[in-house]
Amino acid sequence: MSAAPAASIPRVLAVGWWFHLKMLSRSAFNGILQILWPLFFATIAFFLYGIDGDDRTLLYASIGASVMGVWSAVSTSGSGAVQRERWQGTLELLVAAPVPLASVLLPVTTAMATVGLYSMVTTLLWGRLLFGIDVSIEHPWLFAFSVPATVLAIGMLGFLLSVTVVRYRSAWALGNAFELPVWLVSGFLVPISILPDWVRPISWVLAPTWGVRAIRESALGGHPLPDLLLCLLLGTVYLLVGVFAAESILRSARRNASLSLS
Amino acid sequence: MTAFVNATRIFFLGGIMSYRALFNWLSPWILIPSFLVGPIAQILLFAFLGRSAGVASDEFFVVGNALQYAAIPCLFAMGNTIGDERQEKTLGIILSTPAPRVPLFLGRAIPVIANGFLVALFSLVVGGAIFSIDVPGSAYFPIAVVTLVASFSCTGLGLVCAALSLRVRETAVLANVIFGVLLVFCGVNVPLDSLPEWMQSVSPWLPLTHGIAAARRLADGATFSSVTGDLFREAGVGALYVLIGMAMLSYFEWESRRRATLEVF
Amino acid sequence: MTVIEVSSLRRIYRTRISPWRRGSREVEAVRGIDFAVERGELFGLLGPNGAGKTTTIKMLITLLLPTSGSARVLGHDVVEDPRAVRRRVGYVFGGDRGLYERLSGLDNLRYFAELYGVPAREQKARIAELLELAGLAGREKERVEGYSRGMRQRLHIARGLLHKPEVLFLDEPSIGIDPVGARELRTTVADLRNAGTTVLLTTHYMFEADELCDRIAVIADGRIVAEGTPAELKSRVGEGSVVEVEVFGDAGSVLPALRALSGVRSAVVEERGHSEVIVVRAEPGAEVTQGVLGALDGISLGRVATRQPTLEDAYVELVESA
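Chains as they are written, first to last, in numbering that gives the first Met the number 0: chain A, 0 to 261; chain B, 0 to 264; chain C, 0 to 321.
So this is what it looks like as structure tokens:
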């Protein structure tokens with residue numbers, strides 16, 4: 000008898016992504032909330048900008064607001080992703096499988112980010128139908144690249160978050176604490192130039208900052224390519240740090256018996 | 000007399016125990032992100048949004064969001080205490096006891112109100128400090144009173160939520176949606192007169208609307224006696240929801256027994 | 000060939016006392032155990048709850064690091080080379096956790112097939128074969144949340160076998176299953192063994208170990224207190240008889256007096272339905288019935304019986320004396 004052949008990592012990622020997407024789509028209630036939640040915030044932004052803003056400001060806000068949902072899907076559920084597997088009793092099985100833990104966790108958060116796409120579309124439609132914000136896209140091709148790139152990079156940020164909080168048993172409570180600050184600091188609703196100077200470097204290391212800029216530039220007309228590349232570069236850095244963190248956390252989990260609840 | 004003492008015990012002990020079991024909130028790991036980081040982040044987000052849109056003052060957003068955050072523990076904790084007990088199958092055990100229902104459920108509200116009150120005050124003080132808002136020192140006590148009343152009225156709405164949790168499985172979703180509605184309709188971030196008319200006509204019937212208006216005027220230096228009207232309206236709205244909530248609880252309890260939905264989830 | 004080699008294996012757990020204060024408590028769950036399992040053997044770790052069975056298994060399947068000592072599975076060190084171990088072993092635990100409830104049984108199997116690197120073109124046939132084995136064929140498209148406990152357990156076993164592991168670790172697989180389900184489970188396990196899979200099984204059911212295992216190690220309080228074939232273990236208490244007395248009243252208080260009788264090896268109280276039964280094990284050749292009844296003077300007695308010892312008696316005696 001011989002050992003099972005090594006699993007192919009791209010296949011594990013793709014199948015895992017589909018598997019988790021299927022699971023997420025099974026909870027209608029959560030799906031509805033995922034779509035409604037950012038809409039409340041978007042609505043407030045539209046009202047405030049609508050008081051004496053011009054069309055271009057509203058368009059700016061509408062595009063930024065549409066990405067909020069991608070991050071909220073990832074931040075609220077990503078921080079609890081590992082915890083959920085632990086409660087279900089599947090975490091031990093995933094760790095006992097002969098693939099790196101990172102390749103099991105990464106699809107969880109990218110699937111969540113993908114679900115955030117629903118919210119993106121809904122927010123744009125909401126702005127269109129209720130506030131008359133007409134979104135026309137200048138560079139459709141670049142737009143079509145920028146959106147998935149941003150979703151992917153946000154998924155990677157969520158992955159980094161999920162592995163760094165893995166030892167933290169109440170990680171689900173962290174979602175809130177990360178959701179709004181990233182909206183603010185990444186400039187989804189307000190230009191980062193009005194934030195205090197010391198916040199600037201934090202915005203720069205957040206991939207969503209560049210992702211939302213790329214999406215805006217390609218919709219409103221501009222040069223999204225540098226932003227797009229920076230967004231992907233940062234996403235890759237998150238990935239590498241996350242993979243490294245996952246392995247070292249796993250070693251410590253084996254030492255400290257923190258995988259199961261018992 | 001014994002009946003009264005018993006009711007009081009049920010009121011306090013039952014309340015504190017179920018709340019502790021739910022939030023396990025003695026853990027700083029949950030307390031800090033949920034109740035301290037959360038409200039400050041919300042204040043910052045909307046204050047900068049206001050600055051960017053050139054609408055209202057920092058103070059407008061600090062007061063509005065600090066008070067609104069009182070709603071979070073009230074909505075979630077109330078809804079979840081009952082929803083969770085249904086999931087953990089302890090609800091059937093509790094309802095099979097002869098304990099009087101009113102103190103049983105209202106008792107669960109006391110720690111929730113206290114929590115909401117503290118969260119709101121904390122956010123007000125820290126948010127005020129961040130944006131160096133000049134609130135007259137004499138206004139703090141009256142604002143605290145307003146906050147307490149607003150926490151009470153949010154708990155009333157939380158009780159309605161709790162009653163619904165006997166029927167609906169996804170109480171957390173429900174509470175989130177209510178939270179969002181309060182965020183938009185109660186003048187937390189959008190000045191009431193900037194809302195469409197149909198929304199303006201809903202606002203007075205929601206908790207927080209009158210409380211936030213009162214707190215803003217107090218922060219601007221108004222006297223306590225000039226906001227008592229708002230305060231009574233806020234308390235009245237709260238009492239209305241408590242009554243609705245209790246009525247729904249007793250109706251659903253009876254219904255659940257008839258249709259055996261208590262332990263079905 | 001030796002498939003599992005365990006020597007001087009120890010594991011200590013440290014638990015924080017409270018989130019507010021520093022300091023921790025130490026619990027030594029496994030206190031230096033040694034055993035070896037040969038290829039094709041069905042080896043049982045038998046012991047009460049909390050004896051260290053699960054901790055031992057988790058060290059062997061690389062979920063926990065040993066505090067000291069060493070363990071090798073199929074020649075691979077569990078600390079040095081965890082991935083090699085993981086690829087060759089299967090792990091199944093009892094109870095109904097550990098499944099993705101919202102998805103179907105088929106989805107669950109497909110996902111783990113991918114994680115275990117079952118080649119894409121073999122997956123379909125392998126999964127169909129395992130669904131057949133687990134008696135889930137025809138229901139594989141239903142969501143797991145609607146499965147019974149027995150079905151979940153069989154799905155777990157199917158999952159553990161996806162990659163045709165050379166060694167299968169079964170951690171209390173029959174927990175919470177009805178008697179018929181448990182019997183089917185035992186048949187499945189026996190079939191696996193007959194097909195050449197090495198199995199390490201933990202259980203606290205005596206008859207299960209007796210029926211299935213080639214060899215048993217009895218573990219109590221983190222130590223192995225006896226090891227051998229079921230027959231060997233039985234023979235340790237094989238001579239001498241067992242006296243059972245049904246009592247109504249305070250049975251616990253007379254135990255010291257019973258244990259002090261000459262010729263008595265052990266005396267314990269067992270709950271059986273509504274009554275309590277005092278079980279006294281005698282030394283070989285000793286006649287203790289009269290003495291026992293004498294010591295029970297004043298307590299209301301029910302049925303009295305004398306019988307030959309079983310594996311359960313051997314087990315209770317080993318665990319009691321640990």
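For glycine and all other residues, C-beta sits at the position ideal for the given N, C-alpha and C.
A quick note: this is a predicted structure, and the numbers were derived from the prediction, not measured.
Work out the CA separation of residue j and residue i for me, nearest whole Å.
{"i": "C/P283", "j": "C/S234", "result": "11 Å"}
{"i": "B/C153", "j": "B/V118", "result": "13 Å"}
{"i": "A/I8", "j": "C/L59", "result": "25 Å"}
{"i": "B/G228", "j": "B/V36", "result": "33 Å"}
{"i": "C/V338", "j": "C/I156", "result": "Only positions 0 to 321 of chain C appear in the structure, and residue 338 of chain C is not among them; the question remains open."}
{"i": "B/L21", "j": "B/G106", "result": "Confidence in B/L21 is poor, its pLDDT being 49 and thus under 50, which makes the residue's placement unreliable; the coordinate value appears in the next sentence. So the alpha carbons of these two residues sit roughly 14 Å apart."}
{"i": "A/V94", "j": "A/L100", "result": "6 Å"}
{"i": "A/V240", "j": "A/L194", "result": "28 Å"}
{"i": "C/R30", "j": "C/P47", "result": "15 Å"}
{"i": "A/Q33", "j": "B/V180", "result": "15 Å"}
{"i": "A/H138", "j": "A/Y59", "result": "16 Å"}
{"i": "A/L116", "j": "A/L151", "result": "11 Å"}
{"i": "A/L224", "j": "B/N175", "result": "37 Å"}
{"i": "C/L64", "j": "C/L317", "result": "28 Å"}
{"i": "C/T1", "j": "C/E183", "result": "29 Å"}
{"i": "B/S122", "j": "B/F59", "result": "13 Å"}
{"i": "C/Y115", "j": "A/R25", "result": "25 Å"}
{"i": "B/I132", "j": "B/S56", "result": "10 Å"}
{"i": "B/G115", "j": "B/P72", "result": "6 Å"}
{"i": "C/V88", "j": "C/T55", "result": "15 Å"}
Since residue i and residue j are thought to touch, with beta carbons under 8 Å apart, how far apart are those beta carbons, to the nearest angstrom?
{"i": "A/A72", "j": "A/A13", "result": "That pair is no contact at about 20 Å."}
{"i": "C/K52", "j": "C/I218", "result": "6 Å"}
{"i": "C/A112", "j": "C/Q122", "result": "5 Å"}
{"i": "A/F46", "j": "B/V145", "result": "In fact, because the Cβ distance is near 25 Å, the residues do not count as touching under 8 Å."}
{"i": "C/L254", "j": "C/V268", "result": "7 Å"}
{"i": "C/V198", "j": "C/V242", "result": "Contact doesn't hold; Cβ gap of about 37 Å is too wide."}
{"i": "A/V11", "j": "A/V98", "result": "6 Å"}
{"i": "A/W70", "j": "A/P180", "result": "Not quite, the Cβ-Cβ distance comes to about 10 Å (not below 8 Å), so this is no contact."}
{"i": "A/V189", "j": "B/F47", "result": "5 Å"}
Which chain B residues are close to residue i, counting only those with a beta carbon under 7 Å from its beta carbon?
{"i": "A/L173", "result": "P32"}
{"i": "A/V189", "result": "F47, L48 and S51"}
Can you find the residues in the same chain that come closer than 8 Å, C-beta to C-beta, to residue i, ignoring five residues on each side of it along the sequence?
{"i": "B/I211", "result": "V62, G63, L66, Q67, A149, C185, G186 and V187"}
{"i": "C/E144", "result": "E100 and R101"}
{"i": "B/S225", "result": "R216"}
Which chain A residues sit within Cβ distance under 9 Å of residue i?
{"i": "B/L44", "result": "F40, L179, P180, W182, L183, L188 and V189"}
{"i": "B/G106", "result": "Correct list: empty, because the minimum Cβ distance to chain A is about 25 Å."}
{"i": "C/E106", "result": "Here the sequence assigns Asp to residue 106 of chain C, which means Glu is not the residue at that position. The contacting residues are F18, K21 and M22."}
Find the residues of chain C that neighbour residue i, judging by a C-beta separation of less than 9 Å, and give them in chain order.
{"i": "A/M82", "result": "According to the sequence provided, residue 82 of chain A is Gln. The question's Met does not apply to it. Here the premise fails: no neighbours, minimum Cβ distance about 14 Å."}
In chain A, which residues lie less than 7 Å from residue i when you measure between Cβ atoms?
{"i": "B/N64", "result": "In chain order: nothing, as chain A lies at least about 10 Å away."}
{"i": "C/E113", "result": "A6, R10, V11 and V14"}
Only counting the same chain, and skipping five residues up and downstream in sequence, which positions put a Cβ closer than 7 Å to that of residue i?
{"i": "B/I177", "result": "L74, L156 and C160"}
{"i": "C/H329", "result": "The requested residue 329 of chain C does not occur in the structure, where chain C is confined to residues 0 to 321."}
{"i": "C/A189", "result": "L211"}
{"i": "C/R287", "result": "Arg is not the amino acid found at residue 287 of chain C; the sequence shown has Val there. The residues are V242, L260, G262, V263, V279 and A281."}
{"i": "A/A110", "result": "W16, H19, L20 and L23"}
{"i": "C/R153", "result": "A133, G134 and L135"}
In chain order, what residues of the same chain have a beta carbon less than 6 Å from the beta carbon of residue i, not counting five sequence neighbours either side?
{"i": "B/L25", "result": "Its pLDDT being 48, under 50, B/L25 is placed unreliably by the model, and nothing is read from it."}
{"i": "C/A216", "result": "F34, L44, I223 and E226"}
{"i": "C/I126", "result": "L108"}
{"i": "C/G180", "result": "G149"}
{"i": "C/D213", "result": "E40 and L41"}
How about residue i: is its Cβ closer than 6 Å to a heavy atom in the ligand COA?
{"i": "C/V188", "result": "Ligands are entirely absent from the displayed structure, and the ligand COA is therefore not among its contents."}
Residue i touches chain C at which residues, Cβ-Cβ below 8 Å?
{"i": "A/A96", "result": "R85, F111, L114 and Y115"}
Which chain A residues are close to residue i, counting only those with a beta carbon under 8 Å from its beta carbon?
{"i": "B/Q272", "result": "A question about residue 272 of chain B goes unanswered here, because the residues of chain B that appear run from 0 up to 264."}
{"i": "C/Y314", "result": "Near C/Y314 there are no residues of chain A at all, since even the closest Cβ is about 24 Å away, more than 8 Å."}
Completely contained beta strand (DSSP E) runs for the region 86–173 of chain C, where each covers 3 or more residues: 88–92 and 166–170
Please specify which runs of the beta strand (DSSP E), each continuous and at least 3 residues long, are wholly inside the region 150–197 of chain B, giving them in chain order. Counting only runs of 3 or more, we get nothing.
Pick out the complete alpha helix (DSSP H) segments inside the region 200–248 of chain C, 4 residues or longer, and give them in chain order. 205–211 and 229–235
Ordered list of alpha helix (DSSP H) runs contained in the region 214–260 of chain B, each at least 4 residues: 227–258
Which runs of the alpha helix (DSSP H) spanning at least 4 residues fall entirely within the region 248–296 of chain C, listed in chain order? With a minimum length of 4 residues, the continuous alpha helix (DSSP H) runs that stay inside the region 248–296 of chain C are 254–259 and 288–294.
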